[in-house]
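According to numbering that gives the first Met the number 0, the residues represented by the sequence shown are 0 to 305, in order. Note that CB positions come from ideal geometry on N, CA and C, so glycine has one too. Source: prediction; values computed, not measured. The next block holds one structure in the form of structure tokens; read it before the comments.
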Amino acid sequence: MTLDKSHLEYPHRSKGMDHDRYDWSLLSERNPVSWPNGKKLALWVNVCMQFYPLDQQGVPFKVPGGMTMPYPDLRHYSLRDYGNRVGIFRFLKAFDRFEVTPTFTYNTELARRYPYLLDVLKERQNEFLCHGLHMDALHYGGLDKQEESKRVKSALEQLRELTSQDIKGWLSPARNESEHTPELLVENGVEYFCDWVNDDMPYPFRTENGNLWAMPLSNELEDKFILMNNQHSEQSYLQQICDAGDFLLQEAETQGGRILALNIHPWMLGQPHRIAYLEQALEYLMSLDVWNASGSEILAAFKQQT
């Protein structure tokens, strides 16, 4: 049978995409931006602080990095917990050694369960982002809107109270969303989110409740993606990070400032056989012409020029 012509007619049929969440544009044709002190490259080091429930439900899918064996999967549960007990403190030493300003993206349940760890990180006065309730509280198409609204509201309200910060950033567990997630984020006071990885620079993202900003937190350069998903070596991870820094700096010479965003996990790079590769990556990047800042600081500098 031949399809009716109307089958290919979309409400938002347009150049580049079939929706109106954001305006289509080529990165190379946008107005160039510059970072404070004339720096060419903004370095955003984002640390994912996560809680994986032992009784994982896996609805509607098993969480990447979560439990994989029959209950109780203590091997994977305790390995994830290792990052919050040991790995994170190796991270903090590396950040201090190379004068890196991290951003901490937090599962609210982790903040509630580990008050000592939260207090240690609060003393550093770095930015916190909300990473949802926990890694098994997923946002997805088909999730009841009222239930999702409760998840977003509860995650943000509790984390704001626990951190004493007015949380403005969001990263969904597993980077997964429903069609309602962006609207619910704006409704609950979120200004930027990091789920969409379709750009190298921030861009305004429309919702029915007002605009969000989409921040480019790279998935391709994430430690878990490179080491676990792609099964590349630690040396390859280091090389890819350094290559990205070199290339973006070169691109910034002719197209304006760029952002290098590293998404890292203490249970992954905080291992004794891996921490040296993170240290080498940070040492190299901080030797370049970079402005190291939090997600909010980078977005604020960008918005001043748009």
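Extent of the continuous alpha helix (DSSP H) run through residue i
| i | result |
| --- | --- |
| residue 151 | 144-162 |
| residue 285 | 274-285 |
| residue 266 | 265-268 |
| residue 182 | 180-186 |
| residue 8 | Counting along the chain, residue 8 falls outside any alpha helix (DSSP H), and DSSP gives it neither H nor E. |
| residue 300 | 294-302 |
Closest by C-alpha distance to residue i, when choosing among the options
| i | options | result |
| --- | --- | --- |
| residue 81 | 215, 111, 269, 200 | 269 |
| residue 98 | 42, 8, 219, 33 | 42 |
| residue 225 | 253, 214, 199, 262 | 262 |
| residue 243 | 257, 231, 253 | 257 |
| residue 222 | 236, 209, 27, 303 | 236 |
| residue 55 | 46, 48, 47, 69 | 69 |
| residue 169 | 20, 2, 91, 48 | 48 |
| residue 111 | 131, 21, 101 | 131 |
Residue i, buried or exposed, once every other Cβ within 10 Å from all chains shown has been counted against 16
| i | result |
| --- | --- |
| residue 264 | buried |
| residue 15 | exposed |
| residue 182 | buried |
| residue 246 | exposed |
| residue 220 | buried |
DSSP three-state assignment for residue i, whether helix, strand or coil
| i | result |
| --- | --- |
| residue 25 | coil |
| residue 257 | strand |
| residue 241 | helix |
| residue 81 | helix |
| residue 93 | helix |
| residue 228 | helix |
| residue 175 | coil |
| residue 262 | strand |
| residue 73 | helix |
| residue 60 | coil |
| residue 235 | helix |
| residue 197 | coil |
beta-carbon residue i near the ligand ADP non-hydrogen atom, thresh 7 Å
| i | result |
| --- | --- |
| residue 94 | Looking for the ligand ADP in the displayed structure turns up nothing, as the structure carries no ligands at all. |
Extent of the continuous beta strand (DSSP E) run through residue i
| i | result |
| --- | --- |
| residue 202 | 202-204 |
| residue 102 | 101-105 |
| residue 119 | Residue 119 -> not in any beta strand (DSSP E); alpha helix (DSSP H) instead, spanning 114-121. |
| residue 40 | 40-48 |
| residue 289 | 289-291 |
Per DSSP, the bridge partner or partners of residue i
| i | result |
| --- | --- |
| residue 129 | 105, 169 |
| residue 212 | 191, 203 |
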